[in-house]
Structure formats: C-alpha cells, structure tokens
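Chains as they are written, first to last, in our numbering: chain A, 1 to 221; chain B, 1001 to 1217.
Structural data, given as structure tokens:
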C-alpha cells in the first residue's frame, strides 16, 4: 500500500468508525515513515469533518458520529505522544466541562476530539462541573479558552452562574468563554455574556481560532 | 388534537372516558430522536386541520424542540401541553425538579418507554449495532425512575430487565394519568376569547362529534 492509498483508507475507515482498522492503519502509516501530522491533517481530521457535514445534512445520526469519534480517539492515543515529541506547541489550551446539574457529554466529547485534532490541548473536567471546579482548573492550567456545555434548558442558566463566579474571582478577562449544547443559541450566548458560541463541533474549532487570534492580536497591540 | 405517539394511547383513553369530541392525530414517537422535526410535522398537520375548520391543540410539551413548538403555537393561535417533556405533565414539574436536584444522573422511563425501549432507544441509538456505545450514552446515569401510568406484571418485568441492562437501581413512581388528564382538560376547554370574538366576529368553529384517531407516518 502506498501513502495515498493508506491515507484514503484511513479517511474511509474513520468515516465508518471502524476503530480497529483506523488504529491499524495509523500504526502502519507511522511504520511507513508518515508523520503524525500528515495522518491527522490529511486523513483523520478531514474524515471527522465529513462526518460532521453528513450529520448536518441528515445523512448521519448520533451513532455514526460517536462511532467515528471513538475511532479517531483511538488513533489520537497513538499520535498524541508523537505530536508532543515533535516539539510543536499546541495552538491553544482549552478547559472544557458540562455544567453542574447536567450529565450529558456526547456533544462535548465530540468537540474535544475536534479541538484536539486541530492542535489544541484539551483539559476535560467531565460532567456536572461546578463553578468552583472551573475556577480551580483555570487557576491550575491557565487556559486560553474555557468551554461550558449544557444539554438541558434547565442547566443552561449555569453558564451565567459560571461567568458570574469568574467575574467574582477576578478571572473573567483572563479567558475566552465559549458555550454550546443542543438548546444553546447565539442569542443566549450573547445574553449570558459569553465570548463565543458554535452550533457544532467543527464550527466550534473555527470560532475558537478566530477568538484566539483576536485576543492575541489585541495583546500584541 | 395532534399528539405524540407516546401519549396517544392515554389521550384516546381519557377522551373516550370523558366523552370529549376530539379527532386524535398521532405523530410518530420516534420524532423525539430528531426533535427538530416535531414542529414542522405538527405545523403541516395543524394547518391542514385548521383548513378544515377544526380547532387544533398539541398533545406535546416542549419535547426538545427548544421553543419551536411555542413559536408554532403563537403563529397558529393554538396551545400545547405545559412543561419541557411529558414527564412534567405526568409527574408534575415540582416533583421532577426535586428528582433531578437530588440526582442529576436520573434516567426517566414511562410505560411507553418501558414497552418500546428496545425499539425506540436501543435500536434508534444504534446500540444493537454498536453496543460499545453504551457508556457514551448512559455512562453517567446513576438511577432509573419509572413514572408508571398503569403497571402490570409484564411491564414490571420489562422495567426490571431495562434496569438490569443499566445495572442501576429502579425506582417506580405510580403517577397514573391524572396530571395528563388535568392538562388535557385545559387544552380542550374553552379558549380564552380572542379580541375579534369580543368585538363581535364569528366564534371559533366547534369540533365534530365523536372520537376519531389517526396515525401519521
């Protein structure tokens, strides 16, 4: 199998969520001398983006998204240490969590994979994350971005509670705040005072890069 | 009445017992797995029914439409069941709130869900094909609560089997359908008079006699 065939197969098997094949092809690619960035950016990420596009079109549903995400996560386990060895700095650091009172994390986990694939360092705090835990994590990890996820209309108000807690702790301006989840809209994000919102995992990465670039440009000015 | 298929059986029983003259149109309960499709499906049907001169009500709570059903109600001048989900109607919003405050990792069942769990949950979430996804979907739940409308031995056995799949304790709360009946009564009762009515235009059309049930694919 040549390089192009391997990348095409890696793309195809990620698309259908065949985790054993994705892992095997990732290892084969590395053995052939392909760089971890090439496997990531020329096969895995484009494939997951296609999964997202198919989901948007209604061709894929949640199971297909999840199974593809799991396949990609398996490959990332292998690639992560190799990417670190290359000395490439992450393009940004993000602390993520599902808000207090909410145990839903399917969307958040997909966003995490997309962020990691895009070169971010992701610190996932899990589900039911209290404002205090977010604050502690921000103090400890000093992220560029903090992401709040909520699946329930009843837990969305925790966005505002988290932001208030950050303000009270004098940390609001230290981080970019992004929010997301099924019931969340741009309007709601604006109302609670978040810096960014995206309706899906791919868009979240694009928006995060925009916000980060604006923040860094401001810092330089 | 345009209703979720999950409530259709209860609504039919209540309407028949109370002698309400309603025409019941059930949309597939599986729309809940694609809640963005509920409002468009309900709207098409509601417009058809209004075109026939019928007064329309929605046997839906918000049901994950995140306000789309409220917008529809506003546009067409119709009403829906209160609350976020039918669980609110069946168990009461206060009781439900307390339940989730006590344990956010609560997975709710109704009689309908117990009966259809394998089809409407396991199959629809792809768990028959990808059983490895179980922790992705359910890994954070800590207990099951069955809001029971009308228990019997087969349903009890099925609920116990579902709890065994989760490996979690099962709490049964006998809600009956009283809450649903009270809310339906408000829906089928007189509409608040519109301004035009007060100023002398013709009253809203009345529903035909007799209970009719139709299912929509």
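Just so it is clear, CB atoms sit at the ideal spot from N, CA and C, and this is done for glycine as well.
Q: Consider the Cβ of residue 1085 of chain B: report whether some Cβ of chain A lies at a distance smaller than 8 angstroms.
A: Mapped onto the second chain, residue 1085 of chain B falls at position 85. For residue 1085 of chain B, the answer is no, since every Cβ of chain A falls outside 8 angstroms of its Cβ.
Q: Put residue 1083 of chain B into one of helix, strand or coil per three-state DSSP.
A: As a working note, residue 1083 of chain B is residue 83 in the second chain. In the structure shown, residue 1083 of chain B sits in coil (DSSP, three-state: anything other than H, G, I, E or B).
Q: Return the chain-ordered ranges of every beta strand (DSSP E) run that is complete within the segment 153-191 of chain A and spans a minimum of 3 residues.
A: 176-180
(Q) Please classify residue 1001 of chain B as buried or exposed, where buried requires at least 16 other C-beta atoms within 10 Å of its C-beta. (A) Locating residue 1001 of chain B in the second chain gives position 1, where the first residue counts as 1. Classification for residue 1001 of chain B: buried.
Q. Going along chain A in order, which residues have a C-beta closer than 7 angstroms to the C-beta of residue 1104 of chain B?
A. To locate residue 1104 of chain B, count along the second chain from 1; it is residue 104. Going along chain A in sequence order, the residues near residue 1104 of chain B (Cβ under 7 angstroms) are 101, 102, 103, 128.
**Q.** Which of helix, strand or coil DSSP assigns to residue 205 of chain A
**A.** Numbered from its first residue, the first chain carries residue 205 of chain A at position 205. Reduced to three states, the DSSP call for residue 205 of chain A is helix.
**Q.** Own chain partners of residue 1083 of chain B with C-beta closer than 6 angstroms, once the 5 adjacent residues on each side are dropped
**A.** Taking the first residue of the second chain as position 1, residue 1083 of chain B is located at position 83. These residues qualify, in order along the chain: 1061, 1089, 1093.
Q | Alpha-carbon to alpha-carbon, residue 1128 of chain B and residue 1122 of chain B | A | The residue given as residue 1122 of chain B occupies position 122 in the second chain. The residue given as residue 1128 of chain B occupies position 128 in the second chain. One C-alpha to the other measures close to 6 angstroms.
Q) So residue 179 of chain A and residue 194 of chain A are in contact, right, with Cβ under 8 angstroms, and what is the actual spacing, rounded? A) Taking the first residue of the first chain as 1, we reach residue 179 of chain A at position 179. Taking the first residue of the first chain as 1, we reach residue 194 of chain A at position 194. Between residue 194 of chain A and residue 179 of chain A the Cβ distance is about 4 angstroms, and since that is below 8 angstroms, they are a contact.
Q.
So, for residue 105 of chain A: in the same chain, excluding its five sequence neighbours on each side, which residues have a beta-carbon less than 8 angstroms away from its beta-carbon?
A. Residue numbering aside, residue 105 of chain A sits at position 105 when the first chain is read from its first letter. Only 98, 126, 127, 149 meet the Cβ criterion.
Q: Please determine, among B:1038, B:1151, B:1078, B:1098, the residue with the shortest C-alpha to C-alpha distance to residue 1054 of chain B.
A: Residue 1054 of chain B sits at position 54 when you count from the first residue of the second chain. Here the closest residue by C-alpha is B:1078.
(Q) Can you list, in chain order, the residues of its chain with a C-beta nearer than 7 angstroms to that of residue 7 of chain A? Leave out the 5 residues immediately preceding and following it. (A) Residue 7 of chain A sits at position 7 when you count from the first residue of the first chain. Here the set comprises 42, 43.
Q.
Is residue 216 of chain A a contact residue of the ligand COA, with contact defined as CB to any heavy atom under 7 angstroms?
A. Among the components modelled here there is no ligand, and therefore nothing to report on the ligand COA.
(Q) With three or more C-beta pairs closer than 8 angstroms as the rule, is the segment 74-86 of chain A touching the segment 18-29 of chain A? (A) yes
Q) In chain order, which alpha helix (DSSP H) runs of at least 4 residues are fully inside the segment 1041-1085 of chain B? A) 1068-1076
**Q.** Cβ-Cβ distance between residue 1072 of chain B and residue 1041 of chain B below 8 angstroms
**A.** One-based indexing of the second chain puts residue 1072 of chain B at position 72. One-based indexing of the second chain puts residue 1041 of chain B at position 41. In this structure, residue 1041 of chain B does not lie closer than 8 angstroms to residue 1072 of chain B by Cβ.
Q: Rounded to whole angstroms, what's the CA-CA distance from residue 1015 of chain B to residue 1176 of chain B? Just pull it up for me.
A: Taking the second chain and counting its residues from 1, one reaches residue 1015 of chain B at position 15. Taking the second chain and counting its residues from 1, one reaches residue 1176 of chain B at position 176. The straight-line gap from Cα to Cα measures roughly 15 angstroms.
Q: Indicate whether at least one CB of chain B lies closer than 8 angstroms to the CB of residue 14 of chain A.
A: Here residue 14 of chain A is taken as the residue at index 14 of the first chain, counted from 1. Not closer than 8 angstroms to any Cβ of chain B, the Cβ of residue 14 of chain A fails to qualify, so no.
Q. To the nearest angstrom, how far is it from the Cα of residue 177 of chain A to the Cα of residue 1004 of chain B?
A. As a first step, residue 177 of chain A is located in the first chain; it is residue number 177 there, counting from the start. As a first step, residue 1004 of chain B is located in the second chain; it is residue number 4 there, counting from the start. In this model, residue 177 of chain A and residue 1004 of chain B are separated by some 38 angstroms (Cα to Cα).
Q | Enclosing beta strand (DSSP E) for residue 1147 of chain B [first to last residue] | A | The residue labelled residue 1147 of chain B in the question sits at position 147 within the second chain. That run of the beta strand (DSSP E) goes 1143-1148.
Q.
Can you tell me whether residue 83 of chain A is helix, strand or coil according to DSSP?
A. For the purposes of this step, residue 83 of chain A is identified with residue 83 of the first chain, where counting begins at 1. Of the three classes helix, strand and coil, the one that applies to residue 83 of chain A here is helix, per DSSP.
Q. How many angstroms separate the CA atom of residue 19 of chain A from the CA atom of residue 12 of chain A?
A. Position 19 of the first chain, counted from the start, is the residue given in the question as residue 19 of chain A. Position 12 of the first chain, counted from the start, is the residue given in the question as residue 12 of chain A. Taking the Cα positions, residue 19 of chain A is about 11 angstroms away from residue 12 of chain A.
Q. Thinking just about the alpha-carbon of each residue, which of A:57, A:147, A:60, A:38 is nearest to the one in residue 93 of chain A?
A. Residue 93 of chain A sits at position 93 when you count from the first residue of the first chain. The shortest Cα separation from residue 93 of chain A among A:57, A:147, A:60, A:38 belongs to A:147.
Q | residue 38 of chain A, DSSP secondary structure in three states | A | Along the first chain, read from residue 1 onward, the residue named residue 38 of chain A stands at position 38. In this structure, residue 38 of chain A counts as helix in the three-state DSSP scheme.
Q: Starting from the C-beta of residue 60 of chain A, find all residues in its chain whose C-beta is less than 7 angstroms away, skip the five residues before and the five after it, and write them out in chain order.
A: Here residue 60 of chain A is taken as the residue at index 60 of the first chain, counted from 1. Correct list, in chain order: 51, 54.
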